[in-house]
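Just so you know, the working numbering puts 213 at position 102 of the sequence shown, and the rest follows in order with no gaps. C-beta atoms are modelled at their ideal positions from N, C-alpha and C, and glycine is treated no differently. In this text, all values refer to a predicted model and were calculated from it rather than measured experimentally.
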Amino acid sequence: MKHIVIATAGHVDHGKTTLIRALTGIETDTTTEEKKRGLTINLGFAFFDLPSKQRVGIVDVPGHEKFLKNMIAGLAGIDMVLLVVDAGEGVMPQTIEHAEILMLLGIKNFIIVLTKADTVDSEMQELAIDDVRTTFAGTILEKAPVVITDAVSGTGLHELTLKIDEMAKNITPPKSDGNPRLNIDRVFTLKGFGTIVTGTLLGGQVAINDELIAYPSEERVRIRNIQVHDQDEKIALPGQRTALNLNVKADQLSRGDVLTLLDNVEPTWMLDVQLQTLDVSDAALELQDRVRVYAGAKEVLGRIYPLGTEEVQVNGKTFVQIRLEEQIALKNGDRFVVRTYSPMKTIGGGVVLDANPRRHHRYDKGILRTLSIRATGDKAAILKDYLLTSEKMFNSLADIANVLDLKQSEAQKLLGVLSKNGKINKLGNEYTISEKLQKLQDWLVSELQDFHQQFPLKVGLVLAEVRSKINEQTNSDYSSDVIDYLCAEKVIKQQAGFVSLYAFKPIFNPEQLKLKAQLEKELTATGFTPPSSQELTNGQRQATQVLDALVGTTVVRLNDDVVISSTYYQKAVKLVTDFIQKNSQLSLADFRDITGSSRRYAMLILEKMDKDGITKRVENKRELR
Numbered sequence: 112m113k114h115i116v117i118a119t120a121g122h123v124d125h126g127k128t129t130l131i132r133a134l135t136g137i138e139t140d141t142t143t144e145e146k147k148r149g150l151t152i153n154l155g156f157a158f159f160d161l162p163s164k165q166r167v168g169i170v171d172v173p174g175h176e177k178f179l180k181n182m183i184a185g186l187a188g189i190d191m192v193l194l195v196v197d198a199g200e201g202v203m204p205q206t207i208e209h210a211e212i213l214m215l216l217g218i219k220n221f222i223i224v225l226t227k228a229d230t231v232d233s234e235m236q237e238l239a240i241d242d243v244r245t246t247f248a249g250t251i252l253e254k255a256p257v258v259i260t261d262a263v264s265g266t267g268l269h270e271l272t273l274k275i276d277e278m279a280k281n282i283t284p285p286k287s288d289g290n291p292r293l294n295i296d297r298v299f300t301l302k303g304f305g306t307i308v309t310g311t312l313l314g315g316q317v318a319i320n321d322e323l324i325a326y327p328s329e330e331r332v333r334i335r336n337i338q339v340h341d342q343d344e345k346i347a348l349p350g351q352r353t354a355l356n357l358n359v360k361a362d363q364l365s366r367g368d369v370l371t372l373l374d375n376v377e378p379t380w381m382l383d384v385q386l387q388t389l390d391v392s393d394a395a396l397e398l399q400d401r402v403r404v405y406a407g408a409k410e411v412l413g414r415i416y417p418l419g420t421e422e423v424q425v426n427g428k429t430f431v432q433i434r435l436e437e438q439i440a441l442k443n444g445d446r447f448v449v450r451t452y453s454p455m456k457t458i459g460g461g462v463v464l465d466a467n468p469r470r471h472h473r474y475d476k477g478i479l480r481t482l483s484i485r486a487t488g489d490k491a492a493i494l495k496d497y498l499l500t501s502e503k504m505f506n507s508l509a510d511i512a513n514v515l516d517l518k519q520s521e522a523q524k525l526l527g528v529l530s531k532n533g534k535i536n537k538l539g540n541e542y543t544i545s546e547k548l549q550k551l552q553d554w555l556v557s558e559l560q561d562f563h564q565q566f567p568l569k570v571g572l573v574l575a576e577v578r579s580k581i582n583e584q585t586n587s588d589y590s591s592d593v594i595d596y597l598c599a600e601k602v603i604k605q606q607a608g609f610v611s612l613y614a615f616k617p618i619f620n621p622e623q624l625k626l627k628a629q630l631e632k633e634l635t636a637t638g639f640t641p642p643s644s645q646e647l648t649n650g651q652r653q654a655t656q657v658l659d660a661l662v663g664t665t666v667v668r669l670n671d672d673v674v675i676s677s678t679y680y681q682k683a684v685k686l687v688t689d690f691i692q693k694n695s696q697l698s699l700a701d702f703r704d705i706t707g708s709s710r711r712y713a714m715l716i717l718e719k720m721d722k723d724g725i726t727k728r729v730e731n732k733r734e735l736r
């Protein structure tokens, strides 16, 4: 079932609170001051059931300009707006500012509600409707449905509920990525319960006893109780207006804090955004101009750093880095509003493209390219650019989903599509883009080519050395996955602890071929008790080079001074495996008995098997791994 939250908006004293009371029977002006002054100061909340049985929550926001930050705080997670206009007064300054803010926040579902219809005749009502259409010509409000109401007599209320019901059916449920996020718009203490916070739940569900983190303070909290529409619940779902009873003191939390899972967001001092400005002169912001930023339920001060230009374009879109005076916790894709510092006037808003950027040069072409790609909303292009520009060679699914503002399952599906066409590679549990992997491959091929040219008879570089170099190049520990991938692609091969180019083979001249045959014959003849390398080669340089070249093919190195025929090493492996399978364990003496070798060679051969992962030492005996 969908969970819909509606907000009212409009000029002060145009009847928003009265309309909500008529629809729901709930009084949203609850404080003494609100009742005394007859206007909404803080956020009010109510709910009612539509004819379709769909329950909707309503947020009553203040209309007075003085309380605009309270109004914006109540808009996080809103699905639909009732733009309230007094039929007698028509569109007023706060009507316009509220509508501009709502559109800047990306809200698309509007119903225009003409209130106090009993105070004017039908001609005045039509003039009010024309006023709305003219004022908002060229915007989404131009074609928004209009309902004429009178909250006192009840005129139009049934029609309004039907219109709300009709629109609600076409609203897409809020995106759920499994990571709950609640922008706190109220914090208060309730006697007998303790601290209560409210907000519209986004992203994922929460349950009693769940532990969340309050950002940016990173205070740990536990949910004691949950209420949705004044009813105790065990869980709250995305899209629901939710009240959470928490196990911390109220002064440890503030409006604008974000409750979510550990590491779902990261507090930041900077935001890279696309700023859409209104057609007002105050929107011509220049470098380091101070502004007020409203995002989620939080208001923070910041300074403007236009990117790729010297000033922000009026009535247009500009890439901007906003450097904040206090931390905020947002995600890519979140919306925000910007107002001038003083006097306060709404001048624009937009979307967060990078919620955790670094400080960078304002004319950095790479940054401008990345922001341009992110502004398109093309998830495939954003993903490829992220993997290409990320400082990390390999990126986790969680990081990718966060950048794309997608569920992990949705991100994985996109990764699968791009992997099939070769644009992205999965190594282990992480992902990299083909260009980076190709660059790494080119580097390793060059290293091996140089080695083979310098040592034409050696099998290749030592595997451990190659792994270390790859980890250093990629600043990761994914060397084994890289090597496995390049082996599968037949770029390289590994054998007996060495890595070489796939097509590489040692090339022996006639004299070296003769030495090769002699060395192999001697090792075969000595079996499990081979001579030392020095004895085998008589210290001759060329014989030593040939012996080194045979390591990994017909020869196995046991240590720096001892080698054994590959044939005899494999015989030893079979003898040991058969013995342990029959007897569970094998001792050094057992090995000597079944091979006829000495203690020294028995120990070297068994240690090599341990290293190769065939056996493991348990006290003074061996078992199969």
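Bounds of the beta strand (DSSP E) holding Tyr405 are 401-406. Cβ contact annotation for Val673 (same chain, cutoff 8 Å, sequence separation greater than five): Pro641, Ser643, Ser644, Tyr712, Leu715, in chain order. For Asp383, the closest alpha carbon among the candidates His125, Pro617, Lys442 is that of Lys442. By the Cβ neighbour-count rule, Arg292 is buried, with 16 or more other Cβ atoms within 10 Å of its own.
Within the model, the alpha-carbon separation for Asn294 versus Leu494 is close to 27 Å. Between Asp592 and Leu548, the C-beta spacing is not below 7 Å.
Taking 8 Å as the upper bound for CB-CB distance, Leu130 and Val224 are in contact here, some 6 Å apart. If you check the CB distance, Gln606 and Val657 do not come in under 7 Å. In the DSSP assignment, Thr250 falls outside any alpha helix (DSSP H), carrying neither H nor E. It is roughly 33 Å from the alpha-carbon of Ile544 to the alpha-carbon of Gly407. The alpha-carbon separation between Gly527 and Tyr613 amounts to approximately 28 Å. As for any alpha helix (DSSP H) of minimum length 4 sitting wholly inside the stretch 496-523, the runs are 508-515, ordered along the chain.
Here Thr429 is bridged, per DSSP, to Leu386. Note: Lys604 is bridge-paired with Ser611 in the DSSP secondary-structure output.
Taking all protein chains in view, the Cβ of Thr226 is crowded by 16 or more other Cβ atoms within 10 Å, so the residue is classified as buried. Judged by DSSP secondary structure, Pro417 falls within the beta strand (DSSP E) whose first and last residues are 409-417. DSSP places Val573 in the strand class (E or B) of the three-state scheme.
Using a C-beta cut-off of 8 Å, the stretch 390-405 makes no contact with the stretch 343-354, since fewer than three inter-stretch Cβ pairs fall below that distance.
Of the other Cβ atoms in all chains shown, 16 or more fall within 10 Å of the Cβ of Gly314; this residue is therefore buried. Minimum Cα-Cα distance from Glu253 among the listed residues Thr260, Gly265, Ile240 corresponds to Ile240.
Separation of Val573 and Asp553 (C-alpha to C-alpha, rounded to the nearest whole angstrom) is 19 Å. Collapsing the DSSP output to three states places Ile169 in a strand. Here the alpha carbon of Val514 sits roughly 16 Å from the alpha carbon of Met504. In the DSSP assignment, Leu301 falls outside any alpha helix (DSSP H) and within the unbroken beta strand (DSSP E) covering 297-301. Taking every protein chain shown into account, the CB of Val116 has 16 or more other CB atoms within 10 angstroms, so this residue is buried. Counted as a single uninterrupted DSSP element, the beta strand (DSSP E) harbouring Leu357 occupies residues 352-357. Taking each of His563, Ala491, Ile458 in turn and checking the Cα distance to Ile618, the smallest one comes out for His563. Assigned with DSSP and collapsed to three states, Leu130 falls in helix. Here Asn290 carries a coil assignment [DSSP, helix/strand/coil]. Fewer than three Cβ pairs drawn from the stretch 676-687 and the stretch 577-588 lie within less than 8 Å of each other, which leaves the two stretches out of contact. By the criterion of a C-beta distance shorter than 8 Å, Asp229 is surrounded in its chain by Asp261, Val263, Ser264, Thr266, once the five residues flanking it on both sides are discounted. For the 7 Å CB-CB criterion, Gly419 and Leu479 form a contact. By the Cβ-count criterion, Tyr596 is buried, with 16 or more other Cβ atoms from all chains shown falling within 10 Å of its own Cβ. Under the DSSP assignment, Ala599 falls in the alpha helix (DSSP H) whose first and last residues are 590-599. At a Cβ-Cβ threshold of 7 Å, Val462 and Gln385 count as neighbours. For Phe702, the enclosing alpha helix (DSSP H) begins and ends at 699-706.
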